[in-house]
Structures are given as C-alpha cells and as structure tokens.
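Each remark here refers to the structure printed beneath this line.
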Amino acid sequence: MAKARDIVIGVIIAGSFLLFLAMILLMFFLGSGSSDNSEFSFGGLGSSVAIVNLYGVIDSPTEVVRQLDRWGEDESVKAIVIHINSPGGGVAASQEIYEKVLKVKRETDKPIIASMESVCASGGYYVAAACDQIVADPGTITGSIGVIFQYPIVEEMFNKVGIQYQTIKSGGRKDIGSPFRKPTESDSVVFQAVVDDTYHQFVDVIVANRNLPRDEVLRIADGSIFSGRQAQQIGLVDSLGTFEDAVDLAGELSGLGADPDRVREVPRRGGSIFDLIEGLLHLDISGLIDKNQGLIYPQLRYIFN
Numbered sequence: 077m078a079k080a081r082d083i084v085i086g087v088i089i090a091g092s093f094l095l096f097l098a099m100i101l102l103m104f105f106l107g108s109g110s111s112d113n114s115e116f117s118f119g120g121l122g123s124s125v126a127i128v129n130l131y132g133v134i135d136s137p138t139e140v141v142r143q144l145d146r147w148g149e150d151e152s153v154k155a156i157v158i159h160i161n162s163p164g165g166g167v168a169a170s171q172e173i174y175e176k177v178l179k180v181k182r183e184t185d186k187p188i189i190a191s192m193e194s195v196c197a198s199g200g201y202y203v204a205a206a207c208d209q210i211v212a213d214p215g216t217i218t219g220s221i222g223v224i225f226q227y228p229i230v231e232e233m234f235n236k237v238g239i240q241y242q243t244i245k246s247g248g249r250k251d252i253g254s255p256f257r258k259p260t261e262s263d264s265v266v267f268q269a270v271v272d273d274t275y276h277q278f279v280d281v282i283v284a285n286r287n288l289p290r291d292e293v294l295r296i297a298d299g300s301i302f303s304g305r306q307a308q309q310i311g312l313v314d315s316l317g318t319f320e321d322a323v324d325l326a327g328e329l330s331g332l333g334a335d336p337d338r339v340r341e342v343p344r345r346g347g348s349i350f351d352l353i354e355g356l357l358h359l360d361i362s363g364l365i366d367k368n369q370g371l372i373y374p375q376l377r378y379i380f381n
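Residue numbering for the sequence shown follows the working numbering, starting at 77 and increasing by one per position.
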C-alpha cells in the first residue's frame, strides 16, 4: 500500500515538473509574440489636456515614457493627467516613469495631475508622487510603500524527481538568487541590503514630493494600504474626486477652465500567449519569468500583492 502511494506521489511530482518545464519552453518559443505597436490619438483639435493611462503591473516604462515625451512636446497640450490603476511593479520601471514626469514638468511647466482609480499602490504611488496634484477616489486602494523581492526555489522538487542542476561559477555569489539552490545566510544579507536601499529611495521620494517629515513617512511606510480618504488625511493625497474632477483640475491649472478638451492615444496591439495565461489564471507572472527569454529570475518590486 505504501509503495503504491509512493508511486502516485512520484507521478504527481513528475507531472508537475513536466508541466512546469512545458510552460518554460512555451514561453521561450512564443514569448516574443507579435504585436502592432502603432497607435492613434483622438480628442480636441485645439488646446487640450492629454490623458496618459498607467494600467496594470508596471513591467516596462517605455510606453508611458513615450507618451509623456509626446504630450510634453505638443504645444497644443497644456496639461497632462496620468490615470493610474496599478498595483505597482518593477522598481526601476517605476523610477523611470517618475523621472520622466519630473523632467516634463521641469522643461515645459505643464501641470501634471495623478488620478487614482481603483488601485494606485506601491510603484503606482511612486509615479503619482512626482505629479503636481494627486486626486483619489475615497475608496481607492493606495499606499503599500515598500519593496518586495521574491523568487521561487525548485531545488527540492528537482531532487524528488532525480534531476540535478550543475552550476559552474566565477565567484561565491555569482548564482545568488538561483531557483536551483536555497539562499545562504550570506545571500540573505545581500538581498536585505538591496531591499533596504531601494526602500529608502522610495521614502526619499515621498519626503521630497509630499512635504512630509521623514519620521512620519517612515511610520506609514511599512507596506500598509490606505483608502483614498485615509491617504488624504495623512498627506499622501491632495484631494478626493473622480477622474473627471482630475481633468477639470488640470484644465483650471493650465488656464483652459473646467471641462477642457482632451486628447489621448489608443494603442492597437495584439496579445501574446502570456497575456492569455495571465488573463485566464488571474496571475502576474512578469516578476518571475522573462517573457522573451523564458528564464526565471528574481526582481525588486514596488508592488502591492
């Protein structure tokens, strides 16, 4: 009886491993996908407020940065509203969008307003902090100020099915973060130091942009989430209102008045196998798998899980 049970367990483990391997291979061969990155814009023909959408997990800053550049250079655009519905994402990706917002503000003097929708947390808030004003719905989920660093460890699973992973390296820490071995105490010290450093970078951004004492920011920057109303009470949000209110505010600050004409881009692009997998399973696999290379790798994230 015990032998039969061991066989069943072995089959389950082997099946799980083969499924995992098949997913990796599928991502390697199909990851690049094909897409049409063209876009068109619609909206006002004269002076207007540009709308830039920041939706979903922030994996790449490229598209949002490109739009900020475009609307910053467009003389008919007098203000920009960044409509954010995002739990955050990669640390560096969030930082690049943040820096671009500051650059556009500095070089054009155009007001930039953040409009928080359902979720604007962690890296989403990092981006919002760069804006001139932050408008949130009372029920927006925001905050989650902090850093998370995760990666899977598959060493035990491999051992159970008799698979060994050979590593030849030039230094003791060259394979730090490898999913094929458990982290050493020395590894954990390195990881924690990097997490702490990027955490304090986040704190610095809030102190610099929200006019809050550092001690107060440290008190609330423990990963806690807040409603939009709570966030306003502690100084993370300027006002409560809808997306329409944020657009009106942008119009008023730019001299266009309430209910200004708007312009925005609508991307035309195809989905990939990864979009299908994430959509069907309601998963975010971006932090674990490089969609172009099919590789598992650790990543620093400003994200609300």
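Even for Gly, the Cβ is constructed at its ideal location relative to N, Cα and C. Quick caveat: nothing in here was measured; it's all calculated off a predicted structure.
Exposure label - residue i; buried when at least 16 CB within 10 Å
| i | result |
| --- | --- |
| Ser198 | buried |
| Tyr131 | exposed |
| Ile244 | exposed |
| Gln375 | buried |
| Asn381 | exposed |
| Ile379 | buried |
| Glu320 | exposed |
| Pro289 | exposed |
| Ser124 | buried |
| Tyr241 | exposed |
| Thr260 | exposed |
| Lys186 | buried |
| Glu183 | exposed |
| Ala297 | buried |
| Leu356 | Bear in mind that the predicted position of Leu356 carries a pLDDT of just 46, short of 50, making it unreliable; the figure below should be weighed with that in mind. Exposed, because fewer than 16 other Cβ atoms sit within 10 Å of the Cβ of Leu356. |
| Pro336 | buried |
| Ser170 | buried |
| Gly333 | exposed |
| Val237 | exposed |
Nearest-angstrom Cβ-Cβ length linking residue i and residue j, presumed shorter than 8 Å
| i | j | result |
| --- | --- | --- |
| Gly248 | Arg377 | Not confirmed; about 26 Å, so no contact. |
| Glu231 | Phe267 | That belief does not hold up - the Cβ atoms of Glu231 and Phe267 are roughly 17 Å apart, past 8 Å. |
| Leu316 | Gly304 | 6 Å |
| Ile301 | Gly215 | About 12 Å; that fails the 8 Å criterion. |
| Ile217 | Ser194 | 7 Å |
| Lys181 | Ile188 | 6 Å |
Per DSSP, the bridge partner or partners of residue i
| i | result |
| --- | --- |
| Gln375 | Gln226 |
| Ser162 | Cys196 |
| Arg338 | Val125 |
| Ile188 | Ile156 |
*asked:* If contact is defined by three or more beta carbon pairs under 8 Å, each pair taking one atom from either stretch, is the stretch 214–229 in contact with the stretch 264–278?
replied: Judged by Cβ distances under 8 Å, the stretch 264–278 makes contact with the stretch 214–229, as three or more pairs qualify.
*Counting Cβ pairs, one atom from each stretch, are 3 or more of them under 8 Å apart for the stretch 135–152 and the stretch 307–319?*
Counting Cβ pairs under 8 Å, fewer than three are found: no touch.
*Within the stretch 293–327, note down every full beta strand (DSSP E) run reaching 3 residues or more, in order along the chain.*
If we require 3 residues or more, the beta strand (DSSP E) runs fully inside the stretch 293–327 come out as 301–303.
*beta strand (DSSP E) runs contained entirely in the stretch 197–244, provided each spans 3 or more residues*: Annotation note: the stretch 197–244 contains the following uninterrupted beta strand (DSSP E) runs of length 3 or greater, listed N- to C-terminal: 209–212, 217–219, 224–226.
*Segments of 3+ residues assigned as beta strand (DSSP E) that fall wholly inside the stretch 118–160*: Listed in chain order, the complete beta strand (DSSP E) runs (minimum 3 residues) inside the stretch 118–160 are 124–131.
*Count the C-beta pairs between the stretch 189–209 and the stretch 278–286 that are closer than 8 Å, then say yes if the count reaches three, no if not.*
Contact between the stretch 189–209 and the stretch 278–286 is present, because at least three Cβ pairs lie under 8 Å.
_For the stretch 139–150 against the stretch 290–305, do three or more pairs of beta-carbon atoms, one drawn from each stretch, fall closer than 8 Å, so that the two count as touching?_
In short, these stretches do not touch, since the Cβ pair count stays below three.
*asked:* Extract the residue ranges of the beta strand (DSSP E) inside the stretch 246–299, only unbroken runs of 3 or more that lie entirely within it.
replied: Within the stretch 246–299, no complete beta strand (DSSP E) run reaches 3 residues.
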